[in-house]
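The next block holds one structure in the form of structure tokens; read it before the comments.
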Amino acid sequence: MYLIKNVLASISRKIDLKYYISKKLNLSLNTIDNIKILRRSIDARKKNNLKYNFTISASIHGKIPQHPDITEYKPPEPYLESKKQIFDLHPFIIGAGPAGLFAALSLVEKGFKPYIFDRGDEIEKRTKKVTKFWEKGLLDEESNVQFGEGGAGTFSDGKLTTRTRDFYTEKIIDYLVKFGADKKIKYEALPHLGTDGIKKIVINIRNFLEEKGCKFFWKHKLQDIQIQNGKIASVNINKQTYNPEILILAIGNSARDTFEMLSQKISLENKPFAVGVRIEHLQDYINQAFYGEKTDFTITGPASYRLTAKSKNRGIYSFCMCPGGYIIPASSEKDSLVLNGMSFKDRNNKYANSAIVVTVNESDYGKQILAGIEFQRKIERKCFLPKNPYFAPVQKVNDFLKGKTSENKIRSSYVPGILPKKLNELLPEQISKNLKFGLKIFDKRIPGFIKEGILLAPETRTSSPIRILRNKETFEALEVSNLYPIGEGSGYSGGIISSAVDGYKLGQIFKF
Ligand SMILES: Cc1cc2nc3c(=O)[nH]c(=O)nc-3n(C[C@H](O)[C@H](O)[C@H](O)COP(=O)(O)OP(=O)(O)OC[C@H]3O[C@@H](n4cnc5c(N)ncnc54)[C@H](O)[C@@H]3O)c2cc1C
Numbered sequence: 000m001y002l003i004k005n006v007l008a009s010i011s012r013k014i015d016l017k018y019y020i021s022k023k024l025n026l027s028l029n030t031i032d033n034i035k036i037l038r039r040s041i042d043a044r045k046k047n048n049l050k051y052n053f054t055i056s057a058s059i060h061g062k063i064p065q066h067p068d069i070t071e072y073k074p075p076e077p078y079l080e081s082k083k084q085i086f087d088l089h090p091f092i093i094g095a096g097p098a099g100l101f102a103a104l105s106l107v108e109k110g111f112k113p114y115i116f117d118r119g120d121e122i123e124k125r126t127k128k129v130t131k132f133w134e135k136g137l138l139d140e141e142s143n144v145q146f147g148e149g150g151a152g153t154f155s156d157g158k159l160t161t162r163t164r165d166f167y168t169e170k171i172i173d174y175l176v177k178f179g180a181d182k183k184i185k186y187e188a189l190p191h192l193g194t195d196g197i198k199k200i201v202i203n204i205r206n207f208l209e210e211k212g213c214k215f216f217w218k219h220k221l222q223d224i225q226i227q228n229g230k231i232a233s234v235n236i237n238k239q240t241y242n243p244e245i246l247i248l249a250i251g252n253s254a255r256d257t258f259e260m261l262s263q264k265i266s267l268e269n270k271p272f273a274v275g276v277r278i279e280h281l282q283d284y285i286n287q288a289f290y291g292e293k294t295d296f297t298i299t300g301p302a303s304y305r306l307t308a309k310s311k312n313r314g315i316y317s318f319c320m321c322p323g324g325y326i327i328p329a330s331s332e333k334d335s336l337v338l339n340g341m342s343f344k345d346r347n348n349k350y351a352n353s354a355i356v357v358t359v360n361e362s363d364y365g366k367q368i369l370a371g372i373e374f375q376r377k378i379e380r381k382c383f384l385p386k387n388p389y390f391a392p393v394q395k396v397n398d399f400l401k402g403k404t405s406e407n408k409i410r411s412s413y414v415p416g417i418l419p420k421k422l423n424e425l426l427p428e429q430i431s432k433n434l435k436f437g438l439k440i441f442d443k444r445i446p447g448f449i450k451e452g453i454l455l456a457p458e459t460r461t462s463s464p465i466r467i468l469r470n471k472e473t474f475e476a477l478e479v480s481n482l483y484p485i486g487e488g489s490g491y492s493g494g495i496i497s498s499a500v501d502g503y504k505l506g507q508i509f510k511f
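First residue of the sequence shown: 0, per numbering that gives the first Met the number 0; consecutive thereafter.
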């Protein structure tokens with residue numbers, strides 16, 4: 000088998016790949032077969048004349064052409080060994096987000112029946128609570144956009160961003176397809192599921208795991224751990240004491256009370272993250288800017304973007320872009336505002352939003368372990384408008400640059416409501432200053448990015464402000480041999496796929 004890169008084809012619903020491969024490599028059609036698409040991205044370098052760029056595996060009979068885009072194809076192989084024997088059939092997993100759920104699926108492959116505890120509710124109940132929060136401002140601090148079945152990405156765009164496609168990433172993608180995702184996610188360069196897609200998949204995972212003997216405990220919060228002789232001796236969950244053989248911690252990046260408890264017991268460190276705002280444009284503007292008006296958007300889907308800039312020692316970048324999506328309130332603490340982005344599978348809202356964030360580190364928040372959390376919290380409280388709970392402060396980008404409050408005529412996808420404010424009075428100075436710098440650069444790349452855009456604040460939960468130190472090979476927490484921190488809350492992954500991969504990999508190291 001051979002790997003063939005950069006097979007360019009005009010965008011259409013039906014594509015004769017054999018034809019395009021033969022044209023590219025100057026081969027006759029009957030020498031090519033077993034064609035499999037490994038990756039498909041959109042090449043939008045020429046507006047109104049977009050191409051698909053395929054990476055393909057195929058068999059080629061006869062003489063192999065000399066071409067820089069053709070190499071031998073080796074499918075990715077597993078590289079983890081099941082070395083660690085445990086005897087308890089029911090390993091404890093704390094957190095039912097991507098990391099916790101895929102750790103459970105992986106452990107089930109090895110014959111275990113994990114018990115999975117989550118402080119939030121199962122999806123059906125959680126969705127009702129989140130809707131109540133969005134419509135009436137009534138927040139359940141234990142079951143919300145951050146906490147509950149499916150984890151933080153449940154009310155999201157469900158972007159399945161990956162840097163590498165190794166064996167374990169492929170495994171996650173295969174599981175997602177098995178549980179209901181469109182097969183296209185196997186090869187799309189920017190696959191996404193939408194919140195509706197994710198919920199369906201998570202419910203199917205739950206049913207599968209229950210059939211295999213796993214048990215879920217909703218509204219069950221890990222409150223404390225007791226360590227003796229370098230091991231977890233017992234844990235407290237909802238005031239009950241348990242003695243699990245191993246404890247898998249998949250708590251995500253927003254479990255501030257749990258981080259606080261852990262900081263008294265095990266080795267944590269603070270880590271850099273990023274904060275900023277959400278920017279929103281009309282999707283039509285983004286479509287024209289990137290793809291051009293002659294594009295058939297029913298085939299390509301709405302356009303998305305990724306932007307980066309650098310000022311001295313800070314990065315400024317777009318993050319978690321949601322084409323055809325919504326800006327949503329994603330708070331997990333009362334009287335604090337956190338924003339994020341979400342979309343449905345068909346991404347058909349008329350708005351496009353994305354985070355524009357600036358990197359922060361100890362020089363911004365100090366050296367203490369929990370200082371990053373306090374830094375986030377301060378911004379979230381400042382952006383909360385007590386007279387209009389969970390309304391979002393808003394400013395046109397142009398007005399933000401001029402330091403002027405916008406007129407009250409702004410439209411946004413944000414449901415609870417928006418109020419014009421001067422965002423530089425709500426955000427730390429270094430954040431405002433760098434956002435301004437970055438936005439001007441982005442406007443040079445995409446003319447109109449400033450004029451057409453509005454900003455809503457704040458975006459603070461881009462990644463974990465904490466790392467739970469662990470051994471790179473064994474996944475064990477430093478100094479606690481039966482504690483396994485995984486996923487975004489461990490600080491070793493970020494996003495749905497890498498957190499799921501982290502969880503899945505952990506499960507693979509155990510044997511019964
Ligand atoms: C609105 C939104 C949109 C997003 N969009 C995307 C996207 O499009 N693509 C992408 O890749 N990423 C996205 N993310 C980020 C992504 O959701 C996370 O990276 C991912 O969910 C991390 O997985 P995890 O399993 O490590 O943690 P989480 O998903 O955060 O799950 C942690 C779970 O642990 C539970 N928990 C926490 N503390 C305790 C405790 N003490 N006891 C019991 N249970 C506890 C929580 O209730 C939660 O369910 C988005 C996040 C948000 C909030």
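Where a beta carbon is used, it is the ideal one built from N, C-alpha and C, also for glycine.
- Within a 10 Å sphere around the beta-carbon of GLU379 sit 16 or more other beta-carbons, which makes this residue buried.
- Taking a cut-off of 8 Å on C-beta distances, the segment 172-190 does not touch the segment 238-252, as fewer than three cross pairs fall below it.
- By the Cβ neighbour-count rule, LEU7 is exposed, with fewer than 16 other Cβ atoms within 10 Å of its own.
- The beta carbon of THR153 lies closer than 6 Å to those of ILE197 in the same chain, with the five residues before and after it left out.
- Within the same chain, LYS50 come within 7 Å of SER9 by CB-CB distance, once the 5 residues on both sides are set aside.
- If one requires a minimum length of 4 residues, the alpha helix (DSSP H) runs lying completely within the segment 114-183 are 122-135, 166-177, in chain order.
- A straight line joining the alpha-carbon of THR299 with that of ASP181 spans about 16 Å.
- Residue environment: GLU148 is assigned as buried (16 or more neighbouring CB atoms within 10 Å of its CB, all protein chains considered).
- Here the alpha carbon of PHE474 sits roughly 28 Å from the alpha carbon of ASN203.
- Between LEU454 and VAL396 a beta carbon distance of about 6 Å is seen, short of the 8 Å cut, so the two are scored as contacting.
- A Cβ-Cβ distance of about 4 Å is found for the pair PRO243 and PHE91, placing them in contact under the 8 Å criterion.
- Here the segment 342-358 makes contact with the segment 261-277; the two share three or more CB pairs at distances below 8 Å.
- The residue from PHE258, ILE41, ALA57 with its alpha-carbon nearest to that of LEU16 is ALA57.
- With fewer than three CB-CB distances shorter than 8 Å, the segment 218-238 does not count as touching the segment 71-88.
- In terms of Cβ geometry, THR161 and ILE496 form a close pair [threshold 8 Å].
- Pairing GLU406 with PRO392, the inter-Cα distance amounts to about 12 Å.
- GLN394 carries a strand assignment under DSSP once its states are collapsed to helix, strand and coil.
- For LEU208, same chain residues with a beta-carbon under 6 Å away, outside a window of 5 residues either side, are ALA103 in chain order.
- Contact annotation: GLY291 and ASN481 have beta-carbon atoms that are not nearer than 8 Å.
- Taking all protein chains in view, the Cβ of GLY229 is surrounded by fewer than 16 other Cβ atoms within 10 Å, so the residue is classified as exposed.
- Three or more Cβ pairs closer than 8 Å define a contact, and the segment 418-427 falls short of that threshold against the segment 283-290.
- Using a Cβ distance threshold of 8 Å, LEU106 and GLY506 count as a contacting pair.
- When the alpha-carbon of LEU88 is set against those of PRO67, LYS211, LYS185, the nearest one is in LYS211.
- Within the same chain, Cβ atoms closer than 8 Å to the Cβ of SER27 are found at SER21, the five residues on either side in sequence being excluded.
- For THR257, the shortest separation between its Cβ and any heavy atom of ligand 1 lies below 7 Å.
- Ranked by how close their Cα comes to the Cα of PRO67, the residues ASP42, ILE122, TYR1, LYS127 have TYR1 in first place.
- A direct Cα-to-Cα measurement between ILE122 and PHE146 gives close to 10 Å.
- When DSSP states are grouped into helix, strand and coil, GLN65 belongs to the coil group.
- Residue state for ASP501 is assigned as helix, using DSSP reduced to three classes.
- In this structure, DSSP gives MET260 a helical state, which the three-state scheme calls helix.
- When the alpha-carbon of SER303 is set against those of ASP42, TYR18, THR30, the nearest one is in ASP42.
- Assignment of GLU373 by DSSP, reduced to helix, strand and coil, places it in the helix class.
- A distance below 6 Å between beta-carbons, with the five flanking residues on each side excluded, links PHE101 to the following residues of its chain, in chain order: ALA499, GLY502, TYR503.
- Of the residues assessed, GLU472 falls on the exposed side of the cut-off, its CB having fewer than 16 other CB atoms within 10 angstroms.
- Counting along the chain, no beta strand (DSSP E) covers TYR284; the unbroken alpha helix (DSSP H) around it starts and ends at 282-289.
- Under the three-state reduction of DSSP, ASN339 is assigned to strand.
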